[in-house]
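Trainee: Numbering (our numbering), first residue to last: 61 to 592.
Positions of the beta carbon are idealized from the N, C-alpha and C atoms, including for glycine.
Computed from a prediction, not measured in an experiment: that's the story for all the values here.
(1) Which of helix, strand or coil does DSSP assign to residue 555?
(2) Going by beta-carbon coordinates alone, are residue 339 and residue 401 separated by less than 7 Å?
(3) Please report the Cβ distance between residue 100 and residue 114, rounded to the nearest whole angstrom; I am assuming they are in contact, meaning their Cβ atoms lie under 8 Å.
(4) Where DSSP assigns a beta bridge to residue 171, which residues make up the other side?
(5) For residue 69, which three-state DSSP category applies?
(6) Looking at the unbroken beta strand (DSSP E) that takes in residue 101, where does it start and where does it end?
(7) Mind listing, in chain order, the continuous alpha helix (DSSP H) runs of no fewer than 4 residues lying wholly within the region 139–219?
(8) To the nearest angstrom, how far is the alpha carbon of residue 593 from that of residue 413?
(9) Which word fits residue 277, buried or exposed, when buried means at least 16 other C-beta atoms lie within 10 angstroms of its C-beta?
(10) For residue 180 versus residue 157, is the C-beta spacing smaller than 7 Å?
(11) Where does residue 411 fall in DSSP's three states?
(12) By alpha-carbon positions, which one of 135, 199 and 298 ends up nearest to residue 182?
(13) With DSSP as the reference, label residue 245 as helix, strand or coil.
(14) Since residue 446 sits in a beta bridge, which residues does DSSP pair it with?
(15) Taking residue 209 and residue 189 to be in contact with their CB atoms under 8 Å, please state how far apart those CB atoms are, rounded to whole angstroms.
(16) Is the CB-CB distance between residue 464 and residue 309 below 7 Å?
(17) At the level of alpha carbons, what is the spacing between residue 259 and residue 368?
(18) Would you say the region 122–138 touches the region 69–82, given that touching needs at least three Cβ pairs under 8 Å?
(19) Please report the straight-line C-alpha distance between residue 516 and residue 525, rounded to a whole angstrom.
(20) Okay, do the region 248–259 and the region 210–224 touch, 3+ Cβ pairs below 8 Å being the bar?
(21) For residue 393, which residues does DSSP report across the bridge?
(22) Determine contact between the region 534–542 and the region 375–389, defined as no fewer than three beta-carbon pairs at a distance below 8 Å.
(23) Just to confirm the assignment: which complete beta strand (DSSP E) runs, minimum length 3, are found wholly within the region 494–530?
(24) Among residues of its own chain, excluding the 5 on either side of residue 563, which ones have a beta-carbon nearer than 6 Å to its beta-carbon?
(25) Sorted by chain position, which residues of the same chain lie with C-beta nearer than 7 Å to residue 155's C-beta, five sequence neighbours on each side aside?
(26) With H, G and I counted as helix, E and B as strand and the rest as coil, what does DSSP make of residue 80?
(27) Under the three-state reduction of DSSP, which class applies to residue 482: helix, strand or coil?
(28) Tell me the DSSP secondary structure of residue 541 in three-state form.
(29) Could you give the distance in angstroms between the alpha-carbon of residue 321 and the alpha-carbon of residue 357?
(30) Determine, using beta carbons only, whether residue 272 and residue 280 come nearer to each other than 7 Å.
(31) With DSSP as the reference, please indicate the residues paired to residue 234 in a beta bridge.
(32) Can residue 442 and residue 549 be called in contact, C-beta distance under 7 Å?
(33) Are residue 486 and residue 405 closer than 7 Å when you measure CB to CB?
(34) Is residue 172 buried or exposed, if buried means 16 or more other CB atoms sit within 10 Å of its CB?
(35) My understanding is that residue 506 touches residue 434, with C-beta atoms under 8 Å, so please give their C-beta distance in whole angstroms.
(36) Rounded to a whole number of angstroms, what is the C-alpha to C-alpha distance between residue 195 and residue 152?
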């Protein structure tokens, strides 16, 4: 990368995560248990005096996360090849750091030893700091990068103390073994409880959950490819990944569910409400990401088979539609020079392909059929209704309210980015380079394919849930489907769309009343200035 100049090396580097994606796909047989081969596992001696090894394994959950990290990563490298100016002297450093981050994120999801996970965890923190602060001559970039570094490093240090507590309690640093043993059925074990909650502090900081949510919107000072990768598909999923790992063994631990339900629901509602108040398209997506990370934390916290399957469906759906939307915003800003939805008009008419891609991704975020977002949301409503516990009822109410706001800000995004607005000069975009639009089309194809044929996704996801205990009285796994018949879950979905559309209309009226008063809010920074 340091030898070549211009954008060409991005295509070469894209081959690395693409090869990782191909390797992961080729190991589907052992992971899914269809080939008769043993699971993919490699152990290297590290500190034999302490009985510690470097252990990598590709089980069902790490396999799913690996596909997201490598697949989306390859597309981000391809997108970057035409997003940046070819004569940008900082591209070599940017490409190198982005590749290092991808490697750290991949190592994080396949590592099994807690201390090794911590090394990769902190690696993602360091490289995300460098990526967010890529434009180091700008005060805002440096400030946002430092803020993200401080918050996530604090979470990482808490996590390290938790690792020591758990290693002392269980006599091993293998995350798989610790979860298999789980929290003992009888008695109170303060060191175990403290260790698990310290790990959760690290997860909440990394995934921007309350009270650590504020660093993620600030990180939008990063170039758009960074936002699409780190803040949609990869780094912010690390905390959710850790919760999913721990939940089967510790969801019955005292305090686990109350804490995660409180934090998750609060994060979801706060993020959704703030997203409705933004005029910068990128900040709409940033606060929306905070909101949906809260949703994922709630669903992942239960640690039962059907709810975990629904959480995984939401995780995959979110990675696809949110990375698409960030890339779309990058293209819009690339041509229009602004992300302010009050200043954008007629973009959909001028670039119908980009408008179609962005609208489909936003519709999946809003939970509109026949897209994957709708399938995942239906599965969430259905499993929570079937669970019948008090925690599930609280979660259902919180998720329903949050989903109503999600529909509203998704509508606001589409209206702001693509619609023609009276009194606003129409945008005249140039010809979007095919390399810029290609990754968004690939991601949207995934949204459509898994939405129309959710059974294929279920085959992949239920391999992990086979190792997750069922809920009390649960006899069969939830089915990912476009149509479950007329039932309460469908009623909640319809109510979500109707109420969300009403809130979007009210919000739109408010925006139109203030379109001539732009001084009420500070103008958004130009991502084109930040990224070129």
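Mentor: Put simply:
(1) Here residue 555 sits in helix by DSSP.
(2) yes
(3) Contact doesn't hold; Cβ gap of about 15 Å is too wide.
(4) Residue 171 is bridged to 116.
(5) helix
(6) 100–107
(7) 151–170 and 174–192
(8) This structure cannot settle anything about residue 593, because the visible part of the chain is limited to 61 through 592.
(9) Residue 277 is buried by the Cβ-count criterion.
(10) no
(11) coil
(12) 298
(13) coil
(14) Residue 446 pairs with nothing; no bridge assigned.
(15) Rounded, the Cβ-Cβ distance is 4 Å, consistent with contact.
(16) Contact: no.
(17) Roughly 19 Å between the two C-alpha positions.
(18) yes
(19) 15 Å
(20) yes
(21) Per DSSP, none; premise fails for residue 393.
(22) no
(23) none
(24) 468
(25) Taken in chain order, the residues that qualify are 61, 69, 70 and 73.
(26) helix
(27) Assigned with DSSP and collapsed to three states, residue 482 falls in coil, not helix or strand.
(28) coil
(29) 8 Å
(30) no
(31) 173
(32) Yes, they are a contact pair.
(33) yes
(34) buried
(35) At roughly 14 Å, the Cβ-Cβ gap does not stay under 8 Å, so residue 506 and residue 434 are not in contact.
(36) One C-alpha to the other measures close to 13 Å.
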